[in-house]
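Peer 1: Attaching a single structure in structure tokens format; questions to follow.
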Amino acid sequence: MTNLIGHPDHGSFERDPQDMVQLLTPEGERVEHPDFAWCGDDDLAKQLLRDMVLARRFDVEGTNLQRHGELGVWPPALGQEAAQVGAAHAMRAGDHVFPTYREHVVCLLRGVTPADMLGIWRGTTQSAWDTVSTNTHMYTLVIGAQTLHATGYAMGLQLDGMVGNDDPERNAGVLAFHGDGASSQGDVNESYVFAASYHAPVVFFCQNNQWAISEPITRQTTIPLYQRAMGFGFPGVRVDGNDVLAVHAVTSWAMERARQGQGPAFIEAFTYRMGAHTTADDPTKYRLAEETEHWRLKDPIERLRAHLLRSGKIDDAWLAELDDEAEQFGAEVRAACHALPVPKFSEIFATVHAESTAELEAQREQYQTWADSFESIGADSHGAANGQGVSP
Amino acid sequence: MTNLIGHPDHGSFERDPQDMVQLLTPEGERVEHPDFAWCGDDDLAKQLLRDMVLARRFDVEGTNLQRHGELGVWPPALGQEAAQVGAAHAMRAGDHVFPTYREHVVCLLRGVTPADMLGIWRGTTQSAWDTVSTNTHMYTLVIGAQTLHATGYAMGLQLDGMVGNDDPERNAGVLAFHGDGASSQGDVNESYVFAASYHAPVVFFCQNNQWAISEPITRQTTIPLYQRAMGFGFPGVRVDGNDVLAVHAVTSWAMERARQGQGPAFIEAFTYRMGAHTTADDPTKYRLAEETEHWRLKDPIERLRAHLLRSGKIDDAWLAELDDEAEQFGAEVRAACHALPVPKFSEIFATVHAESTAELEAQREQYQTWADSFESIGADSHGAANGQGVSP
Amino acid sequence: MSAQPQAVPNGTKQTLTLGKALNAGLRRALEADPKVLLAGEDIGRLGGVFRITEGLQKDFGEDRVIDSPLAESGIVGTAVGLALRGYRPVVEMQFDGFVFPAFDQITTQVAKMHFRSGGRIPMPMVIRIPYGGGIGSIEHHSESPETYFAHTPGLKVVTCSTPHDAYWMIQQAIASDDPVVFLEPKRRYHERGEVDETTAPIALHQAQVVRHGSDVTLLAYGPMVKTCLEAAAVGADEGRFIEVVDLRSLSPIDMVTVSASVRRTKRAIVVHEAHRTLGLGAELAARLHEDLFYVMESPVLRVTGYDTPYPPSRIEEDYLPNLDRILDAVDESMSR
Amino acid sequence: MSAQPQAVPNGTKQTLTLGKALNAGLRRALEADPKVLLAGEDIGRLGGVFRITEGLQKDFGEDRVIDSPLAESGIVGTAVGLALRGYRPVVEMQFDGFVFPAFDQITTQVAKMHFRSGGRIPMPMVIRIPYGGGIGSIEHHSESPETYFAHTPGLKVVTCSTPHDAYWMIQQAIASDDPVVFLEPKRRYHERGEVDETTAPIALHQAQVVRHGSDVTLLAYGPMVKTCLEAAAVGADEGRFIEVVDLRSLSPIDMVTVSASVRRTKRAIVVHEAHRTLGLGAELAARLHEDLFYVMESPVLRVTGYDTPYPPSRIEEDYLPNLDRILDAVDESMSR
Ligand SMILES: Cc1ncc(C[n+]2csc(CCOP(=O)(O)OP(=O)(O)O)c2C)c(N)n1
Ligand SMILES: Cc1ncc(C[n+]2csc(CCOP(=O)(O)OP(=O)(O)O)c2C)c(N)n1
Ligand SMILES: [Mg+2]
Ligand SMILES: [Mg+2]
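Residue numbers (the working numbering), protein chains in the order written: chain C, -6 to 385; chain R, -6 to 385; chain U, 2 to 337; chain A, 2 to 337.
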């Protein structure tokens, strides 16, 4: 057997890259970077820690709810809290966000409710939240498709005169998340082409968590992902995705550039998917525990907690209070999940179109007649759904 | 009206780029390049000139045949002869070529007959030539689709053990052509991803003729195209596409790298589409005569002719002989076109599948019965086809 | 639903080609609503390879008539984003055969956005596609992809057969809050006909009886309507009274008009260029038989393109439904 | 045509799940022909998200069971190139809803290569797609995209409903020199049944009567065969003699078997999860009426998914055809 097809190393090809922006070391030490400074104050730093802790809590709840059969599946964001919290805090209310299915924390911080997000995984809705008031688009499960939507939305901002104004308050930009795996999709690369061609105010935020389900980053690219942007003509920056300060600084810079009319930028957040791809996945099949251990030492929450404790910005009491808050938040999440209404099947016909059709109305009636025939005879065999799901 | 969407300059954004490999100036002066040397001898130089002249003749014939209603449409390669001839001569018989619909000259040099190529434009076939003996794939009209086929074929060469052998005769590679416009397609960018990921022996040869129908290169990219490759992790080189020696040198280098197992490479041949996109197109609608005039001074044939005349390698007699050869070739092309058989419609049913189906056989019979009914009454109204075509 | 296009009381009745009628309709839509945008390959300075958008970039600017990079998925995907931002993008796919790179965006995003969002997010987008054969063109330039769209919930699919319909239907499609695949019968771009601005059009998704007859109903749309009308005229000479229904809307299908016609004639023949298997004829046959099984006197017949790829152009006339094949089917339907 | 899979004279009769039967079939195909290759996302070390390729990379190596970058068009497009080079690629689309990025390569390249090349170039490729609903999954994970493929000339489309068929049909599809879209009923992956290696299988494109009856014929395929068999069993208790035909091949359709059944029962109902409009039911209805209009006693009825996007999973049971809906249709068919 020949063995000439290039085979990726199994595991990330770089574990501790040099060329990435870092402002807080894994040990919780504040360092400076020549190009990027973090401009937040102590309150913001504490806020970031708080949000990361709540983020992780949300994740724990999601995983537990799935285990208890309340959700069909859950895609954990464990380990990626800094990338999400840092990015979300770099956004203004008027900016628009296009998340992937893993940006739970970003969405929470944009005002999407836990209930709205859980509906998808429970199987009661398909991300039907208020995208206008939250300025946050729905989850997109088709890998990469949202990057084109983001670019088009950014073009819309340009057309609306919301880019490059002297009054910065009148400007807005778009943040488009995608994964490392997604970087291989045609759509994602086309979105780079369109963004560059139209000089659109969109920032691509690539969560390089080293894995696309079971495939290591080395299957998608042989060079660091942030360099992809160069080939399309806009800047790419690699940031330590487990360093919330660095993520916040770099994303703020990129968003501000975009709002000011300086065009697209690309951010590679170098991070790690600590958990399974989803609760349906079993990562022991394809990656070594040793790798996960290596990354555990870079935990995004730990390092900020250490830093703030050491510098006396927080103390044990503060942390205990945060624990209580997380506890309460967890209870809220569970309650929200249980309270999620199961939609009536008959309602789906009317939401296919803005203006429905006679054919759909006829099908609704046909359905309704059939469903009613059951109710009249008291049967309950139909409409039952199991909570089990198989979907990576 | 806002005017914020980035608008391209109309026309190529660079006319005389510095960063390109050139070995023969537009004035026909031989120059050296630090990285690329041309290793041919006088015979090859003369051969290249001859092939370019015949190439242009083929094009003239194609355009005329279309004007006379013998072809539905014809996509001229005028001005791109050096890029095609130089690239084709860098190929070995065992290499495989994936052309676009404009690589007539490449195909001729690979042994595809004029008749085979004209069938497509006359509407008698859909590129049905012998792809195995010519080691040259059919034309692909869906922009960019062939770049993935080329990458897969190159993976096949790897699996067949035909890459990186000590004996260079046992090695082979793939040359995949695409246009500047095609560089925006998802498929093309995915082919870069796959080629890099599998380290496949494929060379992407981008004919940057500055235009994709009416759209200037600046709509597709804001930076030189050859830099695209950097973002995917393999080398990109820009070559003067009107300099046949430079194209030959650069393509030879890239193909040899690929054959030896050093992976993909990207070549941007900086050239110009002197004619219309196809005979159905009217370039005066979207570009300035002045631009075309600028490029006329860079004619690929003129410069080699001047060089060879000046250095005494050819003389007027040689050129006169070449003219005769071209004249004869032209006559052959016309004759081949007129002789193209119109296929029987009834035959198409059997070529849908390798193993046909009862349904198609029934449809064939239905058709045949119907067609026969005409013949029996002597009608000739069906089956007539006009030669007029509208298709860019 | 955005404002429906209105009749112009002092408007004109002009003879235009179908192509020019589309151009005029697009112009009116651009005038009527500043949120209407056009995007596509070569639609700006060139005015499109069929010149349907000719002059529009000059008059409405490069921000409203936008030349796109060469990537259909990108064109449709960015149009989704523009629609999310409140625009009403009208995108052009250069040819029928080149819509497929955008197929994922169309089926998984455009078609489903309203549904997925629980009815919150409308997706007012028009996807214009010159379609069909008969123009002597090379491969991928003569496809009839309507089934792919009509089978996809969430999309609406329409096609016009006359300049008058072209003018009004493109405006109605743009005014619709639902995504509309707008199929343009490219072999009819040069057909001329009267465009009457002075009377309001019929509803976008309504079919129309375009010739009355009592013997059999021909159900057709787009490029085949003219062919069917010609067949009906020839049939009349032979004593056949053939009714012709122009479906106009392929999704939804106006079964009220269709069934009413077939209920009268008791016989139906569907004519389309698309492949037979799972072409629109299949759906019409299924519905008509379900509704009128005991009324009809013979089964629905289909005169269609064959289940082969579209052939090389020199033999395309044998692929396309024509007068003879239609009249043969009429004979067959009547003799059963 | 490459060598057809052969019965193993001393082979086994084993009870396997449908998923394991596919795995065993793939294994045999890899053993039988060194040109057979598997490619797709996560099919290697992980063995696929449904574990259909489990263990195959370990046993056949990374050059024959290839993990692909995350790009479906790239997977199919490079498989075209591999096929041109003489390989027989078997590609996996991870879920039904994710085949659409590859749709252009499938329709314009894979389906047409043999035709475009004048019959010179075969395109022996299998595109495996886990399809259909009923597993409580999120959006895009429960689609039934068969119409898109069955309407496309040049493709063949098959689906299996039992472990035995899964085992043989995947091998037959791989042996075919034509491109085959192989639809795997994912909700039946865990159903168990006997796989008999010792007798040669019936032809790949042949339908099969899987239950005999005289009152009405249920035409089904893939995941709905089991549902129909259950309905038939319940119907029998109520005195209905229901015949069930498993189509197995959706393109071509074995009309000989289908028509023979309906000619006997005089009534037919098509059952599928795909949307009703332009689902396979439409084509079957059109053909059956054309062939058997004067034989049938009632029109072909359709029990299908609705013309809506697939709903959220908590209410999917109401979307999917089930025993009640099928038996209602039987009653309706018999009462007409
Ligand atoms: C078009 C498409 N193909 C395949 C899938 C199945 N799938 C879901 S997630 C995933 C991996 C995504 O990896 P990455 O982009 O790195 O994001 P991550 O999950 O790591 O956040 C795959 C292949 C999909 N959802 N969409
Ligand atoms: C997928 C697809 N979209 C659109 C077209 C229509 N079309 C044919 S050629 C062309 C321009 C191609 O430009 P480029 O890639 O630069 O190649 P060139 O024609 O300049 O050689 C377009 C848009 C097509 N053939 N395929
Ligand atoms: Mg990832
Ligand atoms: Mg070009």
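Where is the CB? At the ideal position from N, CA and C, for every residue including glycine.
I need the boundaries of the beta strand (DSSP E) containing valine 66 of chain A, first residue and last residue.
Peer 2: Segment 66 to 68, the beta strand (DSSP E) holding valine 66 of chain A.
Peer 1: Mind checking glycine 394 of chain C: buried by the 16 CB within 10 Å criterion, or exposed?
Peer 2: As shown, chain C starts at -6 and ends at 385. That puts residue 394 of chain C outside it, with no answer to give.
Peer 1: Does the beta carbon of asparagine 202 of chain C fall short of 7 Å from some heavy atom of ligand 3?
Peer 2: Indeed, a heavy atom of ligand 3 lies less than 7 Å from the Cβ.
Peer 1: Please confirm if glutamate 291 of chain U has its CB atom under 8 Å from at least one CB of chain A.
Peer 2: Yes, glutamate 291 of chain U lies at the interface with chain A (some Cβ there is under 8 Å from its Cβ).
Peer 1: Going by DSSP, name the residue or residues bridged to threonine 160 of chain A.
Peer 2: Looking at the DSSP assignment, threonine 160 of chain A forms a beta bridge with A:Leu184.
Peer 1: Does the beta carbon of serine 118 of chain A come closer than 8 Å to any beta carbon on chain R?
Peer 2: By this cut-off, serine 118 of chain A is an interface position.
Peer 1: Locate the beta strand (DSSP E) running through isoleucine 76 of chain A, then write down its first and last residues.
Peer 2: It is not in any beta strand (DSSP E) - isoleucine 76 of chain A instead sits in the alpha helix (DSSP H) that spans 73 to 85.
Peer 1: Mapping the DSSP letters down to three states, classify leucine 218 of chain R as helix, strand or coil.
Peer 2: Here leucine 218 of chain R sits in helix by DSSP.
Peer 1: Methionine 110 of chain R to tyrosine 190 of chain U, Cα distance in whole Å?
Peer 2: Approximately 29 Å between the Cα atoms of the pair.
Peer 1: Please confirm whether valine 105 of chain R has its beta-carbon closer than 8 Å to some beta-carbon of chain C.
Peer 2: Cβ-Cβ to chain C under 8 Å: no for valine 105 of chain R.
Peer 1: Looking only at its own chain, which residues have a Cβ that is under 7 Å from the Cβ of alanine 174 of chain U, when we skip the five neighbours before and after it?
Peer 2: Val127, Val159, Val181, Phe183 and Leu205, listed in sequence order.
Peer 1: Could you tell me the alpha carbon to alpha carbon distance between asparagine 379 of chain C and arginine 303 of chain A, rounded to whole angstroms?
Peer 2: Low confidence applies to asparagine 379 of chain C: its pLDDT is 38, below 50, so where it sits in the model is not reliable, and the reading given next is rough at best. One C-alpha to the other measures close to 26 Å.
Peer 1: Nearest CA to the CA of glutamine 361 of chain C: which residue from C:Ala351, C:Gly234 and C:Ser339?
Peer 2: Taking only the C-alpha atoms, the option nearest glutamine 361 of chain C is C:Ser339.
Peer 1: Can you grab the Cα-Cα spacing for the pair valine 389 of chain R / leucine 58 of chain R, in whole Å?
Peer 2: This structure gives no information on residue 389 of chain R, because the portion of chain R shown stretches from -6 to 385.
Peer 1: Consult DSSP for glycine 252 of chain A and reduce its assignment to one of helix, strand or coil.
Peer 2: Note that residue 252 of chain A is serine in the sequence shown, not glycine. Reduced to three states, the DSSP call for serine 252 of chain A is strand.
Peer 1: For a test of the three-state rule: what should DSSP assign to leucine 134 of chain R, helix, strand or coil?
Peer 2: Note: leucine 134 of chain R maps to coil in three-state DSSP.
Peer 1: Leaving aside the five residues before and after threonine 124 of chain C along the sequence, list all residues of the same chain whose C-beta is less than 8 Å from its C-beta, in chain order.
Peer 2: Cβ neighbours of threonine 124 of chain C beyond the five flanking positions: His130 and Met131.
Peer 1: By the DSSP assignment, the beta strand (DSSP E) with asparagine 158 of chain R in it spans what residues?
Peer 2: First-last for asparagine 158 of chain R: undefined, no H or E at that position.
Peer 1: Rounded to whole angstroms, how far is the Cβ of threonine 266 of chain U from the Cβ of aspartate 216 of chain U, which I believe are closer than 8 Å?
Peer 2: About 6 Å separates the two Cβ atoms, so the contact holds.
Peer 1: Please list the segments of the alpha helix (DSSP H) lying wholly inside the segment 293 to 336 of chain U, counting only runs of 4 or more residues, in order along the chain.
Peer 2: Segments of the alpha helix (DSSP H) lying fully in the segment 293 to 336 of chain U: 317 to 320 and 324 to 336.
Peer 1: Would you say phenylalanine 367 of chain C reaches chain R, if we count a Cβ-Cβ gap shorter than 8 Å as a contact?
Peer 2: With 8 Å as the cut-off, phenylalanine 367 of chain C does not count as an interface residue toward chain R.
Peer 1: Going by the CB atoms, is the gap between alanine 48 of chain R and valine 78 of chain R shorter than 8 Å?
Peer 2: Yes, they are a contact pair.
Peer 1: Alanine 72 of chain A touches chain C at which residues, Cβ-Cβ below 8 Å?
Peer 2: The answer, in chain order, is Ser177, Gln178 and Gly179.
Peer 1: Valine 66 of chain C and threonine 271 of chain C - do their beta-carbons sit closer together than 8 Å?
Peer 2: Cβ atoms of threonine 271 of chain C and valine 66 of chain C: closer than 8 Å.
Peer 1: Looking at chain U, is there any beta carbon in it that lies within less than 8 Å of the beta carbon of lysine 113 of chain A?
Peer 2: Chain U, which has a Cβ nearer than 8 Å to the Cβ of lysine 113 of chain A, makes this yes.
Peer 1: Under 8 Å, CB to CB, which of the residues in the segment 196 to 225 of chain C have a partner in chain A?
Peer 2: Against chain A - using a Cβ distance shorter than 8 Å - the residues of the segment 196 to 225 of chain C are Ala205, Ile206, Ser207, Glu208, Arg212 and Gln213.
Peer 1: Within the same chain, show all residues whose beta-carbon is closer than 6 Å to that of leucine 83 of chain U, passing over the 5 residues directly before and after it, in chain order.
Peer 2: Excluding residues within five positions, the ones whose Cβ falls inside 6 Å are Pro90.
Peer 1: Taking only three categories from DSSP, how would you classify glutamine 321 of chain R?
Peer 2: Note: glutamine 321 of chain R maps to helix in three-state DSSP.
Peer 1: What are the boundary residues of the alpha helix (DSSP H) that cysteine 100 of chain R is part of?
Peer 2: 97 to 103 is the span of the alpha helix (DSSP H), which, as asked, contains cysteine 100 of chain R.
Peer 1: Let me know the secondary structure DSSP gives aspartate 39 of chain R once reduced to three states.
Peer 2: Reading the sequence as shown, one finds lysine at residue 39 of chain R and not aspartate. DSSP places lysine 39 of chain R in helix when its eight states are reduced to three.
Peer 1: Quick one: which chain U residues come within Cβ less than 8 Å of proline 69 of chain R?
Peer 2: Ordered by position in chain U, no residue passes the 8 Å Cβ test against proline 69 of chain R, which lies about 15 Å from the chain.
Peer 1: Tell me which residue opens and which closes the alpha helix (DSSP H) that glycine 20 of chain U is part of.
Peer 2: Run containing glycine 20 of chain U: 19 to 33, per the alpha helix (DSSP H) assignment.
Peer 1: Grab the span of the beta strand (DSSP E) containing isoleucine 139 of chain U for me, first residue to last.
Peer 2: Looking at the DSSP string, isoleucine 139 of chain U is not in any beta strand (DSSP E), and its letter there is neither H nor E.
Peer 1: Considering only residues of the same chain and omitting the five flanking positions on each side of glutamine 381 of chain C, which have a CB-CB separation below 8 Å?
Peer 2: With a pLDDT of only 40 at glutamine 381 of chain C, under 50, the local geometry of the prediction cannot be trusted, and the value read off the model is given with reservation. Hits under 8 Å: Gly62 and Gly65.
Peer 1: Under the assumption that histidine 82 of chain R contacts asparagine 128 of chain R (Cβ atoms under 8 Å), give the Cβ distance between them as a whole number of angstroms.
Peer 2: Incorrect: roughly 14 Å between the Cβ atoms, too far for contact.
Peer 1: Compare the C-beta of histidine 192 of chain R against all C-beta atoms of chain C and say whether one is closer than 8 Å.
Peer 2: Yes, contact with chain C.
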